[in-house]
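K.L.:
Provided herewith is a single structure, encoded as structure tokens, for subsequent inquiry.
Protein chains: 2
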Amino acid sequence: MSYKQTIGMRNLKSRKLYMQVYDEIRDYILQQRLSPGDKLPTEIEMCATLGVSRNVLREAIKALEIAGIVSSKPGVGIVIQEFNPDFLFQTLFYNLTSDSESFLEQTLAVRRILELGFLRESFDSLKEANIDQLESQVNIMDKICREKLGSANEFTFGPDFYQADACFHNILYQNTNNTVLCSIINAIWYCDRSHKKAIRSKYMESTVNKHRRIVSALKMHDFDAFSIAMHHHFNVEYKSESPE
Amino acid sequence: MSYKQTIGMRNLKSRKLYMQVYDEIRDYILQQRLSPGDKLPTEIEMCATLGVSRNVLREAIKALEIAGIVSSKPGVGIVIQEFNPDFLFQTLFYNLTSDSESFLEQTLAVRRILELGFLRESFDSLKEANIDQLESQVNIMDKICREKLGSANEFTFGPDFYQADACFHNILYQNTNNTVLCSIINAIWYCDRSHKKAIRSKYMESTVNKHRRIVSALKMHDFDAFSIAMHHHFNVEYKSESPE
DNA sequence: AAATATTTGTCCGTATGTATC
DNA sequence: TGATACATACGGACAAATATT
Numbered sequence: 001m002s003y004k005q006t007i008g009m010r011n012l013k014s015r016k017l018y019m020q021v022y023d024e025i026r027d028y029i030l031q032q033r034l035s036p037g038d039k040l041p042t043e044i045e046m047c048a049t050l051g052v053s054r055n056v057l058r059e060a061i062k063a064l065e066i067a068g069i070v071s072s073k074p075g076v077g078i079v080i081q082e083f084n085p086d087f088l089f090q091t092l093f094y095n096l097t098s099d100s101e102s103f104l105e106q107t108l109a110v111r112r113i114l115e116l117g118f119l120r121e122s123f124d125s126l127k128e129a130n131i132d133q134l135e136s137q138v139n140i141m142d143k144i145c146r147e148k149l150g151s152a153n154e155f156t157f158g159p160d161f162y163q164a165d166a167c168f169h170n171i172l173y174q175n176t177n178n179t180v181l182c183s184i185i186n187a188i189w190y191c192d193r194s195h196k197k198a199i200r201s202k203y204m205e206s207t208v209n210k211h212r213r214i215v216s217a218l219k220m221h222d223f224d225a226f227s228i229a230m231h232h233h234f235n236v237e238y239k240s241e242s243p244e
Numbered sequence: 001m002s003y004k005q006t007i008g009m010r011n012l013k014s015r016k017l018y019m020q021v022y023d024e025i026r027d028y029i030l031q032q033r034l035s036p037g038d039k040l041p042t043e044i045e046m047c048a049t050l051g052v053s054r055n056v057l058r059e060a061i062k063a064l065e066i067a068g069i070v071s072s073k074p075g076v077g078i079v080i081q082e083f084n085p086d087f088l089f090q091t092l093f094y095n096l097t098s099d100s101e102s103f104l105e106q107t108l109a110v111r112r113i114l115e116l117g118f119l120r121e122s123f124d125s126l127k128e129a130n131i132d133q134l135e136s137q138v139n140i141m142d143k144i145c146r147e148k149l150g151s152a153n154e155f156t157f158g159p160d161f162y163q164a165d166a167c168f169h170n171i172l173y174q175n176t177n178n179t180v181l182c183s184i185i186n187a188i189w190y191c192d193r194s195h196k197k198a199i200r201s202k203y204m205e206s207t208v209n210k211h212r213r214i215v216s217a218l219k220m221h222d223f224d225a226f227s228i229a230m231h232h233h234f235n236v237e238y239k240s241e242s243p244e
């Protein structure tokens with residue numbers, strides 16, 4: 001059968017080829033009852049069985065990979081992944097994102113309730129190694145802060161600073177074994193990132209102090225101090241002009 | 001610069017090229033404030049600006065397309081789509097078919113913290129009309145419950161019942177003007193619903209009572225009673241065997 | 001420890017279907 | 001009708017990462 005003819009046949013079906021392939025592979029995973037860790041056939045094999053080119057197959061595979069359903073590595077193959085709600089919430093929030101001020105307030109309010117609501121779970125799950133990781137993130141923030149203060153600009157851009165901040169809160173909750181919670185918190189960080197590109201350096205300094213206080217409380221294994229430090233962190237961030 | 005060198009440079013970043021492109025295009029849509037109907041540059045143009053091959057770009061575009069963010073047509077171009085959560089829930093269901101109880105527990109824990117955390121905002125934002133709507137949802141639940149009790153089966157299927165339940169909680173928070181909160185709660189409801197297809201009728205009865213108690217508190221404009229009723233709602237739901 | 005095989009990652013080129021003017 | 005612009009699909013080649021012997 002010639003190239004032209006096969007093209008013609010496929011066009012009878014309205015759904016595009018790579019989408020059909022996407023569906024077929026997903027159904028294949030269900031039918032074969034593949035579990036996380038199991039492998040798909042190689043790209044070449046699937047091309048042969050499905051009768052499509054490698055490019056089309058890869059478009060489908062990459063969509064599956066970005067959706068978090070599979071993961072592909074050179075020399076290994078394509079491996080089924082454990083369910084991870086990251087993609088779900090990231091895409092959900094992506095569609096909610098607006099540039100209004102209120103959106104930032106909304107996300108912050110949700111973050112505040114979630115993080116404060118899971119304080120106990122966080123506290124109980126943290127290990128010494130995690131507390132050290134938290135401290136090193138604070139040190140990173142501190143270093144950036146000092147450098148920027150030296151340059152003496154009122155406004156300063158801090159993607160690195162925010163990354164450390166995000167990492168800090170990520171560590172706080174990663175051991176709670178609630179992937180839904182972690183995904184939501186991460187997704188919020190992700191969509192805030194595009195907005196908060198510039199902050200005043202004086203807020204940076206106060207932010208560092210707030211996080212250092214959290215670490216101190218954790219080092220003492222004092223839940224009440226931890227709770228107070230976390231509330232302080234969020235409440236002051238709320239009313240951004242209130243004095244120390 | 002040779003092919004080999006560029007490859008080498010790119011490998012310094014761990015994230016794969018097509019994923020970077022996926023991220024960049026998504027960020028581009030946000031940054032340019034593109035709305036549904038607007039068009040992306042052509043594939044060729046984007047390849048040039050991003051400095052990647054057509055295959056890599058297409059893998060990213062196809063992932064965006066399957067995710068429902070864009071739609072591409074020959075002779076036209078790549079068009080931004082209105083948000084349609086179908087794909088998200090489809091992948092969600094796909095994952096839940098095989099997944100365990102733990103995910104359900106996680107979602108419930110998050111819902112509990114969020115709803116209880118925004119109690120005050122809910123209470124303050126509710127109007128008389130909303131309270132009437134809440135009551136009518138409870139009446140729907142009640143009616144379904146009575147019908148099922150008459151048929152005297154221990155197990156009964158209740159998609160309608162759950163829809164009323166979801167609607168109830170939706171109404172509670174819709175006036176808080178926090179779309180992020182509402183979206184999360186709705187998304188989580190979808191997760192729950194796919195699992196809990198069958199419930200025992202005695203739980204249905206107790207669920208109706210819990211919701212009626214919430215409405216009663218709201219009718220009296222008594223925040224403390226509302227708070228107690230809501231806590232009761234979630235706590236009993238937690239330990240599903242505890243007596244009334 | 002080193003060579004080899006396997007598999008994915010990336011690039012290029014070409015032909016075809018489709019919508020618009 | 002024809003021309004143009006665009007996405008769709010195919011094939012081949014080599015690089016890079018991993019596993020295996």
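Chains W and V are the protein sequences, given in the same order.
Residue numbering for the first sequence follows the numbering used here, starting at 1 and increasing by one per position.
Residue numbering for the second sequence follows the numbering used here, starting at 1 and increasing by one per position.
We put the CB at the ideal spot given by N, CA and C, even for glycine.
1) Give a yes or no on contact between the segment 53-66 of chain W and the segment 21-29 of chain W, applying the rule of three or more CB pairs nearer than 8 Å.
2) Residues in the segment 212-241 of chain V with C-beta within 9 Å of chain W's C-beta atoms, listed in sequence order?
3) Opposite residue 70/V in the DSSP bridges: which residues?
4) Output the distance between the C-alpha atoms of residue 192/W and residue 224/V, rounded to the nearest integer angstrom.
5) List, in chain order, every chain V residue whose beta-carbon is nearer than 7 Å to that of residue 117/W.
6) Should residue 114/V and residue 172/V be called a contact, given that it needs their Cβ atoms to be closer than 9 Å?
7) Please confirm whether residue 211/W and residue 189/W have their CB atoms less than 9 Å apart.
8) Within the continuous alpha helix (DSSP H) that includes residue 220/V, where are the two ends?
9) Just by C-beta distance, which residues in the segment 170-196 of chain W are closer than 7 Å to chain V?
10) Classify residue 59/W: buried if its beta carbon has 16 or more other beta carbons within 10 angstroms, exposed otherwise.
11) Name the two residues that bound the continuous alpha helix (DSSP H) containing residue 34/W.
12) Around the Cβ of residue 187/V, are there at least 16 other Cβ atoms within 10 angstroms (buried) or fewer (exposed)?
13) Does DSSP classify residue 126/W as helix, strand or coil?
14) Would residue 6/W count as contacting chain V if we go by Cβ distances under 9 Å?
15) Which same chain residues end up closer than 6 Å to residue 233/V when comparing Cβ atoms and leaving out the 5 residues on each side of it in sequence?
16) For residue 162/V, which of 138/V, 219/V, 128/V, 37/V has the nearest alpha-carbon?
17) Got a sec: is the Cβ-Cβ distance from residue 106/W to anything in chain V below 9 Å?
18) Under 8 Å, with one C-beta from each stretch per pair, do the segment 41-61 of chain V and the segment 35-43 of chain W reach the 3-pair mark?
19) Using the beta-carbon of each residue, which ones in chain W are nearer than 7 Å to residue 166/V?
20) Taking the alpha helix (DSSP H) that residue 86/W belongs to, which residues open and close that run?
21) Round the Cβ separation of residue 116/V and residue 221/V to the nearest angstrom and send it over; I've been treating them as touching at under 8 Å.
22) Helix, strand or coil for residue 178/V, going by three-state DSSP, please let me know.
23) Quick one, are the C-beta atoms of residue 24/V and residue 50/V less than 9 Å apart?
24) So, with DSSP's three-state summary, where would you put residue 117/V?
25) On the three-pair Cβ rule with 8 Å, is the segment 73-88 of chain V touching the segment 83-98 of chain W?
26) Just mark residue 111/W as buried or exposed, buried being the case when its beta carbon has 16 or more other beta carbons within 10 Å.
27) Considering only their Cβ atoms, is the gap separating residue 164/V from residue 141/V smaller than 9 Å?
28) Within 9 Å (strictly less), CB to CB, does residue 129/V reach chain W?
P.N.:
Quick look at the numbers:
1) yes
2) none
3) 80/V
4) 34 Å
5) For residue 117/W, the chain V residues whose C-beta falls within less than 7 Å of its own C-beta are 113, 117, listed in chain order.
6) no
7) no
8) Taken as a continuous stretch (DSSP letters only), residue 220/V belongs to no alpha helix (DSSP H), as it is neither H nor E.
9) Result list: 178, 179, 180, 181, 184, 194.
10) Taking all protein chains in view, the Cβ of residue 59/W is crowded by 16 or more other Cβ atoms within 10 Å, so the residue is classified as buried.
11) Run containing residue 34/W: none; DSSP gives neither H nor E here.
12) buried
13) Reduced to three states, the DSSP call for residue 126/W is coil.
14) Any reading at residue 6/W must be qualified, since the residue scores a pLDDT of 41, below 50, and its modelled position is unreliable; no value is offered.
15) In chain order, 210 place their CB closer than 6 Å to the CB of residue 233/V, counting only its own chain and leaving out the 5 sequence neighbours on each side.
16) 138/V
17) Yes, residue 106/W counts as interfacial toward chain V.
18) With a cut-off of 8 Å, the segment 35-43 of chain W and the segment 41-61 of chain V do not count as touching, because too few Cβ pairs lie within range.
19) Per Cβ cutoff of 7 Å: no residues; residue 166/V is ~17 Å from chain W at best.
20) 86-96
21) No, residue 116/V and residue 221/V are not in contact; Cβ-Cβ is about 19 Å, not under 8 Å.
22) coil
23) yes
24) The answer is helix: DSSP assigns residue 117/V an H, G or I state.
25) Yes, the segment 73-88 of chain V touches the segment 83-98 of chain W.
26) buried
27) yes
28) no
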